[in-house]
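Numbering (my numbering), first residue to last: 1 to 336.
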Ligand SMILES: Nc1ncnc2c1ncn2[C@@H]1O[C@H](COP(=O)(O)OP(=O)(O)O)[C@@H](O)[C@H]1O
Ligand SMILES: [Mg+2]
């Protein structure tokens, strides 16, 4: 397998602003991607997806976040028609991948996790040939490929064999190739795994411009920071299941919430919970209440409210939040 070279630095910062190109993405209408109850059992018996559902509005920038082995590449493989699903449904801009596979595929440009172009082929030919798979005549594909390569800082290299490119340039070539048919949905599988900081920033800027021009983007990552910096929506996947989903702001607010455990008089927990709607109070047992102290609220506020209602708080102790626990577990596994 053609591993990314270690000379990414040479390519850093060379994504150019470029001219906008338009896609046929219309605002509103069908979701860019709708995944319902997706299941996958590999021939080995591995249950990689246990009922995954996702929805991306058109124009969205969406992160599927999770550690290695969570099932991210399996989701991408099914959506792009490379992997057969065991159950569930997928539609892309309203086109179901079973009923209208060609239309669905036409909407998608995909940048796989591993480099997979012919290293003996010239850069421009790799991009133009890809256009051929979508029925784009060379006469149209050639100038379009030049334009895309220009925007990705690869124009000078267009006549070189792809094997001569640096690791960072190879990644950009993968993006150029994915864009030749002007897809409405660009899917990138771990685009910045093992990429140095400078190159990562350049890629982020390029993707931001692309989405500002109307392209919907789905990326997978195991970096929380990447999702936080780029994306509007995020779904966290672990062991083939979505464990949290929402806007990045909501998910981060949940991740950052502290959970506090309160010991109350026996039987007081139920009434106490009803007094604290802002704290997502959960009754653990009749004398124990768990509160989430989200930003903007304080433990003191909760205790005052309870004492005012005649409910004494015997003890308060911290507990890692459920989501925080999940996410710490996720990232710890992701580092392996
Ligand atoms: N072709 C395959 N055959 C058997 N098991 C697979 C195959 N591809 C992936 N898996 C397994 O499915 C699970 C999910 O893998 P994958 O979708 O690659 O996760 P991620 O991309 O999040 O790292 C893992 O347990 C992995 O070992
Ligand atoms: Mg993967």
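Backbone N, C-alpha and C fix where the C-beta goes; we use that ideal spot for every residue, glycine too.
On a predicted model such as this, the values are computed, not experimentally measured, just so you know.
Residue i: CB within 7 Å of a non-hydrogen atom of ligand 2
| i | result |
| --- | --- |
| residue 113 | yes |
| residue 205 | no |
| residue 292 | no |
| residue 225 | no |
| residue 156 | no |
| residue 189 | yes |
Residue j beta carbon less than 8 Å from that of residue i
| i | j | result |
| --- | --- | --- |
| residue 292 | residue 247 | no |
| residue 169 | residue 120 | no |
| residue 104 | residue 231 | no |
| residue 92 | residue 108 | yes |
| residue 240 | residue 71 | yes |
| residue 180 | residue 144 | yes |
| residue 106 | residue 134 | yes |
| residue 315 | residue 216 | no |
| residue 90 | residue 83 | no |
| residue 189 | residue 123 | no |
| residue 138 | residue 146 | no |
| residue 319 | residue 301 | no |
| residue 113 | residue 74 | no |
| residue 271 | residue 303 | no |
| residue 244 | residue 251 | yes |
| residue 101 | residue 131 | no |
Whole-angstrom C-beta distance between residue j and residue i, which should lie under 8 Å
| i | j | result |
| --- | --- | --- |
| residue 178 | residue 186 | 6 Å |
| residue 117 | residue 173 | 7 Å |
| residue 36 | residue 53 | 5 Å |
| residue 273 | residue 286 | Incorrect: roughly 11 Å between the Cβ atoms, too far for contact. |
| residue 305 | residue 264 | Not really, about 13 Å apart at Cβ, beyond 8 Å. |
| residue 236 | residue 65 | 5 Å |
| residue 355 | residue 192 | Because the chain here runs from 1 to 336, residue 355 falls outside it and cannot be looked at. |
Nearest candidate by alpha-carbon position, reference residue i, set the options
| i | options | result |
| --- | --- | --- |
| residue 97 | 33, 74 and 182 | 33 |
| residue 288 | 316, 262 and 44 | 262 |
| residue 348 | 220, 61, 59 and 102 | As displayed, the chain neither begins before 1 nor continues past 336, which places residue 348 out of reach and without an answer. |
| residue 30 | 47, 59 and 48 | 59 |
| residue 279 | 294, 266 and 271 | 294 |
| residue 194 | 226, 212 and 301 | 226 |
| residue 43 | 102, 86 and 283 | 86 |
| residue 198 | 161, 167 and 214 | 167 |
| residue 51 | 238, 297, 299 and 267 | 238 |
| residue 228 | 242, 208, 212 and 243 | 208 |
| residue 266 | 257, 252 and 283 | 283 |
| residue 224 | 125, 249, 77 and 205 | 249 |
| residue 297 | 313, 307, 309 and 253 | 253 |
### Query
In chain order, what residues place their C-beta within less than 5 Å of a heavy atom belonging to ligand 1?
One residue list follows from the rule of a beta carbon closer than 5 Å to any heavy atom of ligand 1, given in chain order as 42, 44, 46, 48, 68, 69, 70, 71, 72, 73 and 74.
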